[in-house]
């Protein structure tokens with residue numbers, strides 16, 4: 333609803349003809365009682381292996397990496413005094429946004445673009461990463477049960493294709509079909525709530541990073557500056573009670 337309101341604003345529509353509004357515009361429009369705390373926010377870059385030595389990527393030397401940022405967020409979560417307390421970040425990169433909710437015992441990713449999870453998904457989704465979460469090597473196509481929903485099989489295919497063409501699947505203790513005691517240890521890649529970090533790196537951000545690496549190898553330079561294609565921002569947010577004019 334709020335997005336449609338922005339689309340109907342002539343000024344915003346002129347500035348963003350593709351209707352991909354930036355965070356500053358959303359805050360300016362006051363579509364919800366939200367503010368960003370700069371002191372608790374982070375700006376850094378993905379550091380693809382070996383790319384720092386390529387021409388044009390020297391800006392990565394000494395810059396804060398995604399891993400550095402995640403370490404700080406993870407440490408902050410462990411220092412949270414009470415269970416149930418949370419921090420909320422608006423995470424942005426490559427003209428895309430997700431919501432990251434951080435609690436002492438879990439991470440939550442809220443994504444409005446369902447297509448990023450699997451092709452044909454047109455719904456917002458929420459992923460929870462806690463102590464029971466595991467990321468595992470998916471079985472081969474021949475081993476997958478025929479009675480599995482087609483969207484479930486598609487999800488398993490899409491997730492790791494974004495990273496390196498292998499196949500992985502995420503599971504929690506609520507997934508009866510993928511109980512951890514049924515999965516060979518060698519097939520488990522990551523476990524616990526910190527699997528959220530790998531999900532962002534190896535799925536959500538993997539495709540644009542891989543495209544960048546291909547462009548670099550071919551000597552192609554896109555119109556978007558290199559630093560923008562690797563930059564990721566974690567905006568720490570707080571809600572406030574709006575003041576009504578008398």
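In my numbering, the protein residues as written are 333 to 578.
Virtual Cβ for every residue (Gly too), placed ideally from N, Cα, C.
Task: Beta-carbon contacts of residue 530 that lie in its chain and below 7 Å, excluding the five residues immediately before and after - done: Short of 7 Å from the beta carbon of residue 530, and not among the five residues preceding or following it, lie these beta carbons of its own chain, in chain order: 467 and 522.
TODO: Would you grab the beta carbon distance between residue 525 and residue 461 for me? Rounded to a whole angstrom, and I think it's under 8 Å.
DONE: That belief holds up - the Cβ atoms of residue 525 and residue 461 are roughly 5 Å apart, short of 8 Å.
- [ ] Assign residue 376 to one of three DSSP states: helix, strand, or coil.
- [x] If DSSP states are grouped into helix, strand and coil, residue 376 belongs with the strands.
- [ ] Could you spell out the range, first to last residue, of the alpha helix (DSSP H) harbouring residue 559?
- [x] Taken as a continuous stretch (DSSP letters only), the alpha helix (DSSP H) holding residue 559 covers 558–562.
TODO: State yes or no: is the C-beta of residue 535 within less than 8 Å of the C-beta of residue 367?
DONE: It is not a contact, given that the beta carbons lie outside the stated cut-off.
Open item on the list: Using 8 Å as the threshold, is the C-beta distance between residue 406 and residue 377 below it?
Closed with: No, the Cβ-Cβ distance between residue 406 and residue 377 is not below 8 Å.
Open item on the list: For residue 546, count the other beta carbons within 10 Å of its own beta carbon; 16 or more makes it buried, fewer makes it exposed. Which is it?
Closed with: Taking a 10 Å sphere around the C-beta of residue 546, we find fewer than 16 other C-beta atoms and assign the residue as exposed.
Task: residue 434 versus residue 569: straight-line alpha-carbon distance, rounded - done: If I take the Cα positions, the gap works out to 12 Å.
- [ ] May I ask you to report which of helix, strand or coil DSSP gives residue 351?
- [x] In this structure, residue 351 counts as coil in the three-state DSSP scheme.
TODO: May I ask which residues mark the beginning and end of the beta strand (DSSP E) holding residue 366?
DONE: Residue 366 -> beta strand (DSSP E) spans 366–368.
TODO: Using 10 angstroms around the beta-carbon of residue 379, count the other beta-carbons present and answer buried if the total reaches 16, otherwise exposed.
DONE: Per the 10 Å Cβ criterion, buried.
- [ ] State buried or exposed for residue 352, treating a residue as buried only when at least 16 other CB atoms are found within 10 Å of its CB.
- [x] With fewer than 16 other CB atoms across the displayed protein chains lying within 10 angstroms of its CB, residue 352 is exposed.
TODO: Return helix, strand or coil for residue 389, following the three-state DSSP convention.
DONE: In the three-state reduction of the DSSP assignment, residue 389 falls in the coil class, being assigned neither a helical nor a strand state.
TODO: Could you check if residue 307 is buried or exposed, using at least 16 other CB atoms within 10 Å of its CB as the buried criterion?
DONE: In the structure displayed, the chain extends from 333 to 578; residue 307 sits before or after that span and is not available.
Task: Proximal residues to residue 422 (C-beta, below 7 Å), its chain only, five neighbours per side dropped - done: Short of 7 Å from the beta carbon of residue 422, and not among the five residues preceding or following it, lie these beta carbons of its own chain, in chain order: 355, 429, 431, 567 and 569.
Open item on the list: Can you give me the C-alpha to C-alpha distance between residue 520 and residue 469, rounded to a whole angstrom?
Closed with: Between residue 520 and residue 469, the C-alpha separation is close to 6 Å.
Open item on the list: On the DSSP letters alone, give me the boundaries of the beta strand (DSSP E) that residue 469 sits inside.
Closed with: For residue 469, the enclosing beta strand (DSSP E) starts and ends at 466–469.
Task: Counterpart residues of residue 401 in DSSP-defined beta bridges - done: In the DSSP assignment, residue 401 forms no beta bridge with any residue.
- [ ] With a threshold of 16 other CB atoms inside 10 Å of the CB of residue 364, please say whether the residue is buried or exposed.
- [x] An exposed status is given to residue 364, since fewer than 16 other beta-carbon atoms sit within 10 Å of its beta-carbon.
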